[in-house]
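Heads up: the structure comes next, in structure tokens.
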Amino acid sequence: MDINKRTILWIVFAVSLVVLWNNWQVSTGHPSMFAPAPPAAKVAEAKKADAAASAAASAVPGAAATAGATAADAAPFKAERITITTDVVRADIDTQGGVIKRLELLKFKENGHPGWFGGCGGLFKWCEPGDNTKNVVLFDVDAGIGKTYLAQTGLYGPSGALPNHTSPFVAKPGPRMLDNGNQVQLVLESEEGGVKLTKTFTFKRNDYVIDVRHDVTNVGAAPVSPTLYLRLAHDGNKPAGDSFFNSSYTGPTLYTEEKHYEKLKFDTLEKEAAEAAKTGKPVVQDHATKADNGWIAISQHFFVSAFIPQPKLMHEIETSKIDTNVYGIAVKQPLGTIAPGATVSNDAKLFSGPQEAKLLEQTAPGLILVRDYGFLAMIAKPMFAVINYIHSLLGNWGWTIIVFTILIKLLFFPLSAAGYRSMAKVKLVTPKMQAIRERYKGDPAKMNQATMELYKQEKINPLGGCLPILVQMPVFISLYYVLQSAVEIRGAPWIGWITDLAQHDPYAILPVLYAISMFITTKLNPAPADPMQAKMMLFMPLAFSVMFFFFPSGLVLYWVVNNVLSIAQQYVISKKFGTPAPAKA
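Its first residue numbered 1, the sequence shown is counted upward by one per residue in full-length UniProt numbering.
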């Protein structure tokens, strides 16, 4: 049992050193050991944002890119960007294709890092002060950081080029700002290949859902069978500020009732494209069978953009590599055969905003799954419901975390009491265990046999001290996922110097308090008989406190309160149950 403990401690110590070294590498501008650097050609191409945006606009899902030639042969078209502003978003829509090229969230700031001691003198990127004047921007094309993030819709069909996200559109006049009304609309029209496509974007007050309506009219003399596509295009870069300590998933996700939630990685799409290039097949992969429900999305930390296609209409989900370091996920919905003079309408939704639980649940079934709770979602989801209820009573997320920690401690009090009693018994028989080690130091088999006989004689469960920790570990991990993914905590202050519980402590006060409380807790526990193991136990608080320098302050607050309560709990248990009788001679 002691050998196993020592091995586990060494593993934890080694992992801690690797993690600390990796974060040092990331903070000094070097690539992470856990994410290989992108090829040089990929980095160079990612910086050419104009070329990437052009390539993203040229490929039509499920069809050859022929629309660009038709537009080039026509009379010169001067595109313009139309800005629609509501109380929560500001969107730029390009009349060249009716593409949403920029979307700004007016109620969410970039925040960044609050900064340690004035930005640590500019030594480290992760402690530089953040910019609280800029809003969060989702859709955008930025050459400086190689960003490509677009929402595109259009048509394709077997009869030839149809209006798509490369075609010129004409905007109908109307208001561009949400003033006294509850909604504002932008209507765009384009005609190509005997088909007229009318896109209507409807923005509503206090709503991150954009209604996207497509009216398809056959203005030709022959029937047509177009397919509507809704696509999200995104570069394969990691988000700014992402590191091992604050890592989050960014990439395509999808959901259908049949296959449920699925996460796709840009690296996987890249490998699929490379394999397709070798075999000569189209760079297109279907990731879902036909369905009449579900959604597609680009998920990132705290935010998500999702296309929800018209329900009860069959569709396919397609992923593809559009260009170097630019990938797409699309829904393809056949609209059936449209007779000359007839019109078919399609109503879809585009959600682009924060991953707030209540917003996701009311937007589409299964959309709440983009709040990535990991493999312990069954525990994390009801846990957040409890935390959210406590917050509705207190109105402060910091005090909410403290109250929730107290409730967790009360819940596990009987289990912790049993663990403390077991450790107290072990402490009393430590001299006899040391004597056994000295007596049988040359014979491990007899040493273990004598140790187990001693445990049996003194009625000690060797797992008594470990079992409470193992049982509580899923709760701790679930709480980590909850605090890491809850956008409700983003930008939420606690008291004094803690102005954002989703960012690290700007003055490292909480990590220092954690180290002190962990040191006291370690001293109160029975000291291991092995001197090296005892030194390791004293060093671990320092190692973990250094790691907590980079963790969200809300999570560190939980651990500090948990340790303080553990100290008080251990005192109460020792007073209530007393010290076990000394070991028999």
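Ideal placement from N, C-alpha and C gives every residue a C-beta, glycine not left out.
| Check | Outcome |
| --- | --- |
| From Gly442, Leu230 and Pro431, residue whose alpha carbon lies closest to that of Gly98 | Leu230 |
| Sequence-distant residues of its chain with Cβ nearer than 6 angstroms to Ala44 (five each side left out) | Bear in mind that a pLDDT of 44 at Ala44, under 50, signals an unreliable position, so the number given afterwards is only what the model happens to contain. Nothing listed; no residue qualifies. |
| Nearest to Ala91 (by Cα), restricted to the options Ser478, Leu178, Thr256 and Ala385 | Leu178 |
| Under 8 angstroms between C-beta atoms of Gly157 and Thr227 | yes |
| Extent of the continuous alpha helix (DSSP H) run through Thr405 | Trp397 to Leu411 |
| 8 angstroms Cβ cutoff met for Val487 and Gln333 | no |
| Rounded straight-line distance, which links the Cα of Lys321 to that of Glu275 | 12 angstroms |
| Three CB pairs or more closer than 8 angstroms across the stretch 401-421 and the stretch 503-514 | no |
| Close Cβ partners of Leu394 (< 6 angstroms) along its chain, the five nearest in sequence each way excluded | Thr400 |
| Beta-carbon proximity check, Leu501 vs Pro552, cutoff 8 angstroms | yes |
| Classification of Ile495 by the beta-carbon crowding that lies within 10 angstroms, buried from 16 upward | exposed |
| Enclosing alpha helix (DSSP H) for Phe549 [first to last residue] | Run containing Phe549: none; DSSP gives neither H nor E here. |
| Counted within 10 angstroms of its Cβ, other Cβ atoms place Gly144 as buried (16 or more) or exposed | exposed |
| Rounded distance between the beta-carbons of Val137 and Arg81, thought under 8 angstroms | Their Cβ separation, rounded to whole angstroms, is 14 angstroms, which puts Arg81 and Val137 out of contact at 8 angstroms. |
| Selection from Lys381, Val60 and Asn218 that minimises the alpha carbon distance to Ser478 | Lys381 |
| DSSP state of Phe384 mapped onto helix, strand, coil | helix |
| Pairwise C-alpha distance: Phe519 and Ile436 | 29 angstroms |
| Nearest-angstrom Cα separation, counted from Lys172 out to residue 591 | Limits of the chain in this structure are 1 at one end and 585 at the other, which puts residue 591 out of reach. |
| Supposed close pair Thr202, Asp215 - CB separation, criterion 8 angstroms | Incorrect: roughly 13 angstroms between the Cβ atoms, too far for contact. |
| Ile308 beta carbon near the ligand ATP (any heavy atom closer than 7 angstroms) | Here there are no bound small molecules, and the ligand ATP is not part of this structure. |
| Coil, strand or helix - Thr451 by DSSP | helix |
| Beta-carbon gap between Tyr261 and Thr253 smaller than 8 angstroms | yes |
| Chain-order list of residues whose beta-carbon lies under 7 angstroms from that of Tyr480 (same chain, five-residue window excluded) | Leu555 |
| Alpha carbon of Asn388 to alpha carbon of Val403, nearest angstrom | 12 angstroms |
| Under 8 angstroms between C-beta atoms of Leu524 and Val471 | no |
| Val517 burial status per 10 Å Cβ neighbour count (16 or more: buried) | Before going further, note that residue 517 is Ser rather than Val in the sequence given. With 16 or more other Cβ atoms within 10 Å, it is buried. |
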